[in-house]
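Terminal number for the sequence shown in the UniProt record's numbering: 151, no gaps in between.
Heads up: the structure comes next, in structure tokens.
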Amino acid sequence: MAHEPFMQQALALARESIAIGGRPFAAVLVHQGRVIAQAVNQIHLTQDPTAHAELQAIRLASQVLGSPRLDGCEIYATGHPCPMCLAAMHLCGIERAWFAYSNEDAEPYGLSTAAVYTQMARPPQQQCLPLLQLKPAGEGDLYAAWQQVHQ
1 MAHEPFMQQA LALARESIAI GGRPFAAVLV HQGRVIAQAV NQIHLTQDPT
51 AHAELQAIRL ASQVLGSPRL DGCEIYATGH PCPMCLAAMH LCGIERAWFA
101 YSNEDAEPYG LSTAAVYTQM ARPPQQQCLP LLQLKPAGEG DLYAAWQQVH
151 Q
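Structure follows, in structure tokens:
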């Protein structure tokens with residue numbers, strides 16, 4: 001499969017996004033050699049900090065395939081995926097991710113996510129965002145309740 005046309009499509013989408021005031025991020029999601037979803041970063045439109053191009057494309061592709069699993073899919077992103085997007089790719093089973101511009105390329109423009117990667121590489125209790133468990137007494141077992149319903 002030729003990969004460059006898919007990346008060129010993502011880059012064209014990113015340039016269109018820039019032209020209308022958006023950020024330079026786009027993603028094209030491919031299944032069995034066919035584009036099934038494409039998206040651009042929509043944070044500026046939705047005020048949703050999770051509206052990254054990769055996540056938008058994953059959401060659309062899941063609807064197209066009728067499944068939260070995207071096994072066998074590849075994604076082409078204009079920028080190095082952030083940890084959130086990369087985690088989503090792992091969770092949904094994307095087979096391979098391609099990117100055009102690295103975090104190093106993005107750094108001079110304030111678009112790098114390298115600092116977030118640095119935080120995420122630390123054990124959870126050593127990250128700058130406090131992660132604290134709070135399970136009220138007498139709560140019962142939420143996961144056991146789920147298992148009873150889904151057996």
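We put the beta carbon where it would ideally sit given N, CA and C, even for glycine.
Small disclaimer: the values here were computed from a predicted structure and weren't measured.
Y76 and P24 have their C-alpha atoms spaced approximately 14 Å apart.
Look at H44 here: in three-state DSSP terms it is helix. The Cβ atoms of L60 and I36 lie closer than 9 Å to each other. Scanning E74, E104, Y101 and N103 for the CA closest to the CA of H90 turns up E74. Counting C-beta pairs closer than 8 Å gives fewer than three between the region 112-130 and the region 48-60, which falls short of the contact rule. Taking Q148 as the centre and dropping the five residues before and after it, the same chain places no C-beta closer than 8 Å to its C-beta. Where I18 is concerned, the enclosing alpha helix (DSSP H) starts and stops at E4 to A19. The C-beta of P81 has 16 or more other C-beta atoms within 10 Å across all chains shown, which makes the residue buried.
Rounded to whole angstroms, L55 and Q8 show a C-alpha spacing of 19 Å. Residue range C73 to G79 is occupied by the beta strand (DSSP E) that includes E74.
A direct Cα-to-Cα measurement between Y143 and Q151 gives close to 12 Å. Secondary-structure assignment with DSSP links A26 through a beta bridge to V40. Counted as a single uninterrupted DSSP element, the beta strand (DSSP E) harbouring A97 occupies residues R96 to Y101. The C-beta separation of C85 from R69 comes to about 17 Å, leaving the pair out of contact by the 8 Å criterion.
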